[in-house]
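What follows is a single structure, written as structure tokens, with notes after it.
In this note's numbering, the protein residues as written are 970 to 1160.
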């Protein structure tokens, strides 16, 4: 009987040790992911058909090969490619003539785990909406490839499915969304 109790205690001890190791390793991976982070501030101020575009970086991350592009509008050539951009660097500013159908795109590359990954933000001039590019995971890409193959082979829906990623509307599209605690009073207890 005591051997069963000893075996049970030993099993639980091993499980707790494994759990602790998994937590430590997960924390290291998460810290590595957060360490390459950074903040991007992207704004488009419109005055008639003239748009003033501004992009700057904050936080601990470094952005590489930062570029700006304008689609559906006229203006001077885009600013030169910024090979590295970090917090404290001067922002990229650009003034263009943009109609309602125009949108402005900013792209860059950042380290991601063992490699690099490109990222992008797009601002639609007419609606003022901000979109970010989201890559699909490897599993999702594989599943979408199979669905697209089946759709093309048997003329089913899904033949033109995007494989690599999509534009996702961000949740913060205006300065009012980003005000923070200074503008929001704390809840009143007992009222």
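We put the beta carbon where it would ideally sit given N, CA and C, even for glycine.
Got a sec? Which residues, its chain only, sit under 6 Å from residue i by beta carbon, not counting five neighbours each side?
i            : result
residue 1003 : Summary for residue 1003: the model assigns pLDDT 44, below 50, so the residue's position carries little reliability; its value from the coordinates is reported in the next sentence. So no residue of the chain qualifies.
residue 1014 : 1021
residue 1010 : 1025
residue 1095 : 1069
residue 971  : none
I'd like to confirm the pairing. Which residues does DSSP put opposite residue i in its beta bridges?
i            : result
residue 1052 : For residue 1052, which the question treats as bridged, DSSP gives no partner whatsoever.
residue 1136 : 1102
residue 1063 : 1022
Between residue i and chain B, is there a C-beta pair that is closer than 8 Å?
i            : result
residue 1096 : The structure shown contains no chain B; it holds only a single protein chain.
Does the distance from the CB of residue i to the CB of residue j come in under 8 Å?
i            : j            : result
residue 1063 : residue 1048 : yes
residue 1078 : residue 1055 : no
residue 1102 : residue 1089 : yes
residue 1067 : residue 1018 : yes
Apart from the five residues on each side of it in sequence, which residues of its chain come closer than 7 Å, Cβ to Cβ, to residue i?
i            : result
residue 1038 : 1047 and 1074
residue 1005 : Residue placement at residue 1005 is poorly supported in this model, since its pLDDT is 48, which falls under 50; the coordinates still yield a value, given next. The answer, listed in chain order, is 1030, 1079, 1080 and 1081.
Can you list, in chain order, the residues of its chain whose CB lies under 8 Å from that of residue i, leaving out five sequence neighbours each side?
i           : result
residue 987 : none
In chain order, which continuous runs of the alpha helix (DSSP H) of length 4 or greater are located wholly inside the segment 1066 to 1122?
1107 to 1122
Between the segment 1077 to 1084 and the segment 1119 to 1128, do three or more beta carbon pairs fall short of 8 Å?
no
In chain order, each beta strand (DSSP E) run of at least 3 residues that lies wholly inside the segment 1000 to 1043:
1008 to 1016, 1019 to 1027 and 1031 to 1043
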